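Chain order of the listed sequences is A and B. Going by our numbering, the final residue of the first sequence carries number 731, and the count climbs one at a time with no gaps. Going by our numbering, the final residue of the second sequence carries number 280, and the count climbs one at a time with no gaps.
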Amino acid sequence: MNNLKIVQQFTKRSVFLVLLLFLTLPSFLSVTPQIFAADVAEEPAKSSESSAPGVELPQFETAQPPGSPSLAESQPAAGEGTATAAVEEEELPPVQYRTFFGLDSRVVVWIVSELHLMFAAFVLGVPIFAVIVEIVGFKGGDIKYDKMAKEFTKLLSAAFATTASLGGLLGFCLFGLYPEFMGHMTNVFSSTMYVYALMFFGEAFTLYGYYYSWDILKGTAAKKWFHIFLGVLLNLFGTGLMFLTNSWATYMMSPAGIVPATGKLVSLYHAFYNPLWMPVNIHRLIANVCFGGFVVGAYAAVKFLGAKSDEERAHYDWMGYVGNFIGVGALIPLPFAGYWLGREVYSSSPVMGNIMMGGAFSWTFIIQAILIGMLFIGANYYLWLGMGRIKGSERYTKFFKYLIFIIFMCFAVWLTPHNLPLSGEERAMIGEQYHPFSKYFGVMAAKNAVVNLIILATFFSFLIYRRSNKGEICPFSEQGKAGKIGIFSGLIFCLLMLVSYAISLNFVELEENIKAFVKPLILSLYIQSFTVGLAAFLTFKNRGKLGQALLFAVTASIAVLYFWYYGFQVMQKANLVLRYLSVTQVSIVMSCLIMNATIDIFMFRKAKLVGGIVWGKMPIRSQYALILLCVVIVILMGLMGFIRSGLRMDWHIYGVLQDTSQWAYTPALSYMGRIVGLIVVLFLGLVAFVFWLANLGDKKEKGALTEEFELTEPHPEHYKKYS
Amino acid sequence: MANKRNTFLLIWIITAVGCLYGFLKYASPKIFQMLMAKDHPMPTPSTLMMWYMIMGVLAGLVYATTSNQKFVDFLSFLLPDRGPLIKSFLRKILFIGFPLLVGWFVYTWAIPGAASPVELRIQHPTLPQEFEKLENPFRQADAETQRKCIEEGKILFQTYCRPCHGSKADGNGPFANSFRLRPINFKDPGTIATVVDNYLFWRIKEGGPGLPSESTPWDSAMPSWKDDLKDDEMWKIIMGEYDTAGVMPRQREKLE
Chain A
9 MNNLKIVQQF
19 TKRSVFLVLL
29 LFLTLPSFLS
39 VTPQIFAADV
49 AEEPAKSSES
59 SAPGVELPQF
69 ETAQPPGSPS
79 LAESQPAAGE
89 GTATAAVEEE
99 ELPPVQYRTF
109 FGLDSRVVVW
119 IVSELHLMFA
129 AFVLGVPIFA
139 VIVEIVGFKG
149 GDIKYDKMAK
159 EFTKLLSAAF
169 ATTASLGGLL
179 GFCLFGLYPE
189 FMGHMTNVFS
199 STMYVYALMF
209 FGEAFTLYGY
219 YYSWDILKGT
229 AAKKWFHIFL
239 GVLLNLFGTG
249 LMFLTNSWAT
259 YMMSPAGIVP
269 ATGKLVSLYH
279 AFYNPLWMPV
289 NIHRLIANVC
299 FGGFVVGAYA
309 AVKFLGAKSD
319 EERAHYDWMG
329 YVGNFIGVGA
339 LIPLPFAGYW
349 LGREVYSSSP
359 VMGNIMMGGA
369 FSWTFIIQAI
379 LIGMLFIGAN
389 YYLWLGMGRI
399 KGSERYTKFF
409 KYLIFIIFMC
419 FAVWLTPHNL
429 PLSGEERAMI
439 GEQYHPFSKY
449 FGVMAAKNAV
459 VNLIILATFF
469 SFLIYRRSNK
479 GEICPFSEQG
489 KAGKIGIFSG
499 LIFCLLMLVS
509 YAISLNFVEL
519 EENIKAFVKP
529 LILSLYIQSF
539 TVGLAAFLTF
549 KNRGKLGQAL
559 LFAVTASIAV
569 LYFWYYGFQV
579 MQKANLVLRY
589 LSVTQVSIVM
599 SCLIMNATID
609 IFMFRKAKLV
619 GGIVWGKMPI
629 RSQYALILLC
639 VVIVILMGLM
649 GFIRSGLRMD
659 WHIYGVLQDT
669 SQWAYTPALS
679 YMGRIVGLIV
689 VLFLGLVAFV
699 FWLANLGDKK
709 EKGALTEEFE
719 LTEPHPEHYK
729 KYS
Chain B
25 MANKRNTFLL
35 IWIITAVGCL
45 YGFLKYASPK
55 IFQMLMAKDH
65 PMPTPSTLMM
75 WYMIMGVLAG
85 LVYATTSNQK
95 FVDFLSFLLP
105 DRGPLIKSFL
115 RKILFIGFPL
125 LVGWFVYTWA
135 IPGAASPVEL
145 RIQHPTLPQE
155 FEKLENPFRQ
165 ADAETQRKCI
175 EEGKILFQTY
185 CRPCHGSKAD
195 GNGPFANSFR
205 LRPINFKDPG
215 TIATVVDNYL
225 FWRIKEGGPG
235 LPSESTPWDS
245 AMPSWKDDLK
255 DDEMWKIIMG
265 EYDTAGVMPR
275 QREKLE
């Protein structure tokens, strides 16, 4: 009996059991009202006891109408029967908190919401690159890409149902366990909740439509484009859903559009578009792609490790490479988006900002630094090992030791905290508040500098990887129009980015003494613009490699060395300029990445191949690196979820609705570690189970991969396009 | 792969890790002593020492496993061969030295000794919300009034704060050496320059006793000044303190 049959039988029995339960529910409900009524009578007493003494709670118009009996008045007298309580039910004030079978309500919501978010991140991140991979396959005529995009979507459809189930569970938990809080949220966001539900239909229909029409919408270019359109629509619905729910989550951190004292809604637009909404949207959008990439990479690694044939190994090696490529590609801009979010958190509340970076949550950021460092090291390590399967890569292996030195040095600075755990003896020996290592490495100026250097080093690893099997290059003058247009477009884009920002810096509204600190930033942007132009010019003169080296050198000198030093100056004298400094730093590094990538693409376009890539020829440890990357990103997501939510401290809605439950305290690091660890194990277990289910039907398709990797013919649609 | 074989890779990595240890343990305390013109070395804290050493070892292992050939070379040193005599000699040193090194670490960790516990410090205690919205009333005044406030604040600073925080606000007051945790050096860009001035107002007003219950135990000898100074005096002290230290308070940013 094969696995499919077992699952079918299991499904039939499950349906029968669900029906049975459904039929017995009415008889159960006929008894329960009395039980609930008796329980409700006790709830207010608990909530009034747990209220912090001396804390004045805002009185919400809908949650507690004027004239409603006080908590003490609503208490039934001792010894009163359940019948009396049931009669007084309507007069009782709303319940603030309930528990889930006596469990810690906060932990229940924490675990369920984090699991929901992790699945949602996968479900929202994967379609973005699935559609891109499909387009690449269609335009390039390589059927391998099309098959891989379909495999991604197969995982997606399996994970989607789990996401929806967890979302439903989260909703019930929130409404059940935190009724007062959810009452407030419903008052403010009820209209958007209906939109959310409707958009969910849109996502479900487009997702299943996209997956199940894959083979039907083949054959002609028009059909394929329609299929791609379905994928784009799926992404639009998914992103819209995420943006919508983000507004609820960010409203809890930076509430707007209401009267704080009463909780009355004044402007839904401002409540929705609250100060942290857009930074969280951008951060999550990029992080979801990164998360999806690394989870797919781990899936491919597990399949690679269990592969029985060379073809299977080749397929999953390639899939793992693509997953890692997507993960790292999204990881590179992620620190910039994270920094923007952090700054906006600080701007919306200096208290929250202080708690985050220098207060109770500062040590969680050291853990975050370790995890991010591991991601960069793991991704680079995988790339270096991957060069082993490329003939010609030995020309570049000499760079490994320098890259390792740079990345580990940066990692060391990146995780050095400003405040160190010190014994009394060490403090006495150092003789002052900060050891020089923590003084110069522990502040944001240093951290921003090194993270940019790690990004540049990782990008360099990518460049040598893609050059590995390329030999003699074709002179640029023979690259044709495409090369010239490509370089010129890259140049214009970079110049627009750099020069427009430099011009805008001239008009920032600051006091004259502070504005003086902006001038070096403007100068740096112009120097970088000139260097980008020079690199393009050198490329046109067949000296592209020199142009690239020059661009790397100038970028590292300005964005890393100079801004490391200048960041300290700005911190001391003009902290308002830090915002502009970080954007300048990002712009300079991004221009280097964009221009260097453009030059590399067009410089090596018609280069002679030294040898091919032998997919599947990877050491086993590379696959464990991919699995490690997945585990690390899942831990990172769990940790950052805790930080974002925990920053509100003892507030459901920061500064508006206080958490007066018994769980209104910030968990200690060890406790947080245990819960996040549990969430990570649960997620990885669930995702493994879901992927196993998704693959059950594929058992009989053995041999398909052989065909795929032996296939040298272009994609059928490719013919049609050019015929 | 056309790379030359390096059967001494293991020894090179051990040497590099040893150099890192030597630098952190012996060289950097002396270098910082010279650079910062101190009369005593600045020893690397044990926590950092451990982290940096772990990273050094990890970097060596990553390098040794970046290709199959390197990995084989790395391990091949441990296997007997007909290589040069020096290799055989170094191998014996390694086989004897490594267990001894591990034994020495275990011994130094396990040996009973008196040491104060290592504390996980928090830089910025959480500012209570009632202080978040406060604003220094003198910051918006005209230039002349501000200048007067700064001068008054400097005098108050020298009267009340100098004994611990020093006349230059560098944490070197006459009483500074008597504290286990020295008073903060306000000239350091990582201290008062990173916080808004109502944060300082809270610290001056409530002092060590007013620190929040979370992240305890705090190690602060800062007294509470709420019974001795008026609010206006505290705001002026803050202005004088920033001016003395030569740094600016963090300013509130507009949301974008």
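The beta carbon of each residue, even a glycine, is placed where N, CA and C say it ideally should be. From a predicted model like this one, the values you see are computed outputs, not experimental measurements.
Endpoints, alpha helix (DSSP H) assigned at residue i
i                      : result
residue 660 of chain A : Run containing residue 660 of chain A: none in the alpha helix (DSSP H); it sits in the beta strand (DSSP E), 659-661.
residue 436 of chain A : 432-438
residue 502 of chain A : 488-513
residue 289 of chain A : 285-313
residue 456 of chain A : 452-475
residue 82 of chain B  : 70-88
residue 187 of chain A : 187-220
residue 274 of chain A : Neither: residue 274 of chain A is in no alpha helix (DSSP H) and is coded neither H nor E.
residue 134 of chain B : 109-134
residue 392 of chain A : 370-394
Short Cβ contact (8 Å threshold) for residue i with residue j
i                      : j                      : result
residue 493 of chain A : residue 547 of chain A : no
residue 255 of chain A : residue 283 of chain A : no
residue 252 of chain A : residue 207 of chain A : yes
residue 264 of chain B : residue 177 of chain B : yes
residue 216 of chain A : residue 165 of chain A : yes
residue 571 of chain A : residue 536 of chain A : no
residue 404 of chain A : residue 475 of chain A : yes
residue 597 of chain A : residue 563 of chain A : yes
residue 560 of chain A : residue 464 of chain A : yes
residue 116 of chain A : residue 181 of chain A : yes
residue 641 of chain A : residue 302 of chain A : yes
is_contact[residue i, chain A] using C-beta, thresh 8 Å
i                      : result
residue 142 of chain B : yes
residue 231 of chain B : no
residue 189 of chain B : no
residue 75 of chain B  : yes
residue 263 of chain B : no
residue 153 of chain B : yes
residue 57 of chain B  : no
residue 108 of chain B : no
residue 50 of chain B  : no
residue 66 of chain B  : yes
Under 8 Å by beta carbon: chain A residues contacting residue i
i                      : result
residue 168 of chain B : Ordered by position in chain A, no residue passes the 8 Å Cβ test against residue 168 of chain B, which lies about 17 Å from the chain.
residue 244 of chain B : By Cβ distance, chain A contributes nothing, its closest Cβ being about 12 Å from residue 244 of chain B, past 8 Å.
Residue-chain proximity (residue i, chain B), Cβ-Cβ < 8 Å
i                      : result
residue 420 of chain A : yes
residue 569 of chain A : no
residue 429 of chain A : yes
residue 435 of chain A : yes
residue 358 of chain A : yes
residue 349 of chain A : no
residue 254 of chain A : no
residue 124 of chain A : no
residue 61 of chain A  : Residue placement at residue 61 of chain A is poorly supported in this model, since its pLDDT is 37, which falls under 50; the coordinates are not used for a value here.
residue 292 of chain A : no
Interface partners of residue i on chain B, CB under 8 Å
i                      : result
residue 580 of chain A : 213, 217, 270, 271 and 272
residue 450 of chain A : 214
Partners in chain B for residue i, counting only beta-carbon separations shorter than 9 Å
i                      : result
residue 442 of chain A : 209, 212, 214 and 215
Amino acids of chain A, ordered along the chain, whose beta-carbon sits closer than 9 Å to that of residue i
i                      : result
residue 146 of chain B : 366, 367, 368, 370, 371 and 427
Amino acids of chain B, ordered along the chain, whose beta-carbon sits closer than 7 Å to that of residue i
i                      : result
residue 741 of chain A : This structure gives no information on residue 741 of chain A, because the portion of chain A shown stretches from 9 to 731.
Contact set between residue i and chain A, taken where Cβ atoms lie within less than 7 Å
i                      : result
residue 195 of chain B : 440 and 441
residue 91 of chain B  : 396 and 405
Check: residue i C-beta below 7 Å from any heavy atom of the ligand NAD
i                      : result
residue 435 of chain A : The ligand NAD is absent from the structure shown, which contains no ligand whatsoever.
Chain B contacts made by the stretch 106-120 of chain A, where a contact means CB separation under 9 Å: none
Which residues of the stretch 574-603 of chain A have a Cβ closer than 7 Å to any Cβ of chain B? Give them in chain order. 576, 579, 580, 581, 582, 583, 584 and 587
May I ask you to list, following chain order, the residues of the stretch 397-411 of chain A that have a beta carbon less than 8 Å from some beta carbon of chain B? 402, 405, 408 and 409
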